[in-house]
Amino acid sequence: MKKINIGIIGPTGRMGSSIITESRFFPNLKVSALCEKKSHPSVGKDIDGVKITDDVGACIERSDIIIDFSSPKSTLNLLDKLKNTDTAIVVGTTGFSKSQEKDFKRLSKDLKLLRSSNMSIGINLALNLTNLITQKMPRDTNIEILDIHHNQKLDSPSGTALSLGEEIESVNKSRKSKTQFTYRGHNLKRKRKNSEVGFSSIRGGDVIGEHTVYFLLDGERLELTHRASDRKIFSRGSLMAAEWLFKRKKGLYTLRDMLEL
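Here it is as structure tokens:
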């Protein structure tokens, strides 16, 4: 069987380095292209015999699938360059603004693309469980979401926290109920509204990622927590996604499609 050629954006970063390491355990995959931003000190060097380039077009040409955990601006530029090519893409980038989100949807049309705010198998099961629990809980349940990450993470709340909130929102929409996302940390000086889904974030140390959804009732509460203890769960998930996506037709997918959730 011909190996699937993988291109990695940001190979010297935390995720890029981890993806390269974990790819060695995927016999059907071959890292064929590595791309960094222009003026990056690693451009021209090589990793495992693959030279790092700053030419995105060349990276696309050498790849069946690109894996991207870069920045919203970089990802949007990449999607634009993927137009009229057969190269697929797995996107794990988070932190898109509302206007960037619109650009993402526009640029991703007619591509073969799998997108997930979190490439962990466990988190994607947690998304499914959040939806299910919300359906079964009383409508006046207070729901709060907490995410904890390392002190270098830029976006807050995390993309995964927002995805968990969107699961709750989708259930409320089916019930024709309103959902108001409220970001804690601001002194709102008012009582909590029943329509609120609250978001809180902690940034510190080297925490890879922890997410908890709190379902709070009078007299009891249910907590659904996922803790990541090793970054390789995200790398493995993205590589599994690449293998799965290679066999699919053009379209927009999520990791939950892969897991048939």
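The numbering used here puts the first residue of the sequence shown at 545, with every later residue one more than the last.
Glycine residues also receive a C-beta, built at the ideal position from the N, C-alpha and C atoms.
Practice prompt. Determine the DSSP secondary structure at L623, reduced to helix, strand or coil.
Written response: Your numbering for residue 623 matches position 79 in the sequence shown. Note: L623 maps to helix in three-state DSSP.
Practice prompt. Reducing DSSP to helix, strand and coil, say where E710 ends up.
Written response: Mapped onto the sequence shown, residue 710 falls at position 166. Residue state, collapsed to three classes: helix.
Worksheet item: According to DSSP, is R728 helix, strand or coil?
Response: Taking the first residue of the sequence shown as 1, we reach residue 728 at position 184. If DSSP states are grouped into helix, strand and coil, R728 belongs with coil.
Item to complete: Leaving aside the five residues before and after L657 along the sequence, list all residues of the same chain whose C-beta is less than 6 Å from its C-beta, in chain order.
Response: Reading the sequence shown from its first residue, position 113 is the one you call residue 657. Within the same chain, L657 has close Cβ partners I633, L796.
Worksheet item: Alpha carbon to alpha carbon, what distance is there between K627 and R734?
Response: Translated into the one-based positions of the sequence shown, residue 734 becomes position 190. Translated into the one-based positions of the sequence shown, residue 627 becomes position 83. Each residue's alpha carbon lies about 48 Å from the other.
Item to complete: Quick one: which unbroken alpha helix (DSSP H) runs of 4-plus residues sit fully inside the stretch 639 to 688? Chain order, please.
Response: 642 to 651, 665 to 680
Worksheet item: Do you know offhand how far I777's Cα is from E566's?
Response: Here residue 777 corresponds to residue number 233 of the sequence shown, with the count starting at 1. Here residue 566 corresponds to residue number 22 of the sequence shown, with the count starting at 1. Straight-line Cα distance between these residues: approximately 9 Å.
Discussion item. If contacts are defined as beta-carbon pairs under 8 Å, then G749 and S664 qualify, I think. What distance do you get, rounded to the angstrom?
Written reply: On the sequence shown, residue 749 is found 205 positions in, with the first residue counted as 1. On the sequence shown, residue 664 is found 120 positions in, with the first residue counted as 1. With 8 Å as the limit, G749 and S664 do not qualify as a contact, their Cβ atoms being about 19 Å apart.
Worksheet item: Opposite H770 in the DSSP bridges: which residues?
Response: Translated into positions along the sequence shown, residue 770 becomes position 226. Looking at the DSSP assignment, H770 forms a beta bridge with H755.
Worksheet item: Where does I712 land, buried or exposed, given buried means 16+ other C-beta within 10 angstroms?
Response: Counting from 1 along the sequence shown, the entry for residue 712 is found at position 168. Its Cβ being crowded by 16 or more others within 10 Å, I712 is buried.
Worksheet item: Can you check whether the CB of Y758 is closer than 7 Å to the CB of E764?
Response: Translated into the one-based positions of the sequence shown, residue 764 becomes position 220. Translated into the one-based positions of the sequence shown, residue 758 becomes position 214. The answer is no: Cβ separation not under 7 Å.
Worksheet entry | Below-7 Å beta-carbon distance, G781 vs any chain D residue | Included in the structure is just one protein chain, with no chain D present.
Worksheet item: Is K595 helix, strand or coil by DSSP?
Response: Your numbering for residue 595 matches position 51 in the sequence shown. In this structure, K595 counts as strand in the three-state DSSP scheme.
Worksheet item: Once you ignore the five residues that flank K625 on each side, which residues in its own chain have a CB closer than 7 Å to its CB?
Response: Within the sequence shown, the letter at position 81 stands for residue 625. V600, G601, I604.
Item to complete: My understanding is that T811 touches N731, with C-beta atoms under 8 Å, so please give their C-beta distance in whole angstroms.
Response: Residue 811 cannot be examined here, being either before or after the span of the chain that is shown, 545 to 805.
Worksheet item: When burial is assigned at 16 or more other CB atoms within 10 Å of the CB, is M802 buried or exposed?
Response: Along the sequence shown, one-based indexing puts residue 802 at 258. Buried is the call here.
Item to complete: Note down, in chain order, each residue of its chain lying with its Cβ closer than 6 Å to the Cβ of F570, except the 5 sequence neighbours on either side.
Response: Numbered from its first residue, the sequence shown carries residue 570 at position 26. The answer, listed in chain order, is L783.
Fill in: Local conformation of L783 per DSSP, three classes
Here residue 783 corresponds to residue number 239 of the sequence shown, with the count starting at 1. Correct three-state label for L783: helix.
Worksheet entry | Cβ neighbour criterion (16 or more within 10 Å) applied to S779 | As a first step, residue 779 is located in the sequence shown; it is residue number 235 there, counting from the start. By the 10 Å Cβ count, S779 comes out buried.
Worksheet entry | alpha helix (DSSP H) segment containing L573, residue limits | Here the question's residue 573 lines up with position 29 in the sequence shown. L573 -> not in any alpha helix (DSSP H); beta strand (DSSP E) instead, spanning 573 to 579.
Item to complete: Within the same chain, show all residues whose beta-carbon is closer than 7 Å to that of H693, passing over the 5 residues directly before and after it, in chain order.
Response: Stepping through the sequence shown from its first residue, residue 693 is reached at position 149. S702, R747, V751, G753.
Worksheet entry | Cβ shell of E787 (< 8 Å), same chain only, five flanking positions each side left out | On the sequence shown, position 243 is the one that residue 787 refers to. Taken in chain order, the residues that qualify are I548, F570, N572, L573.
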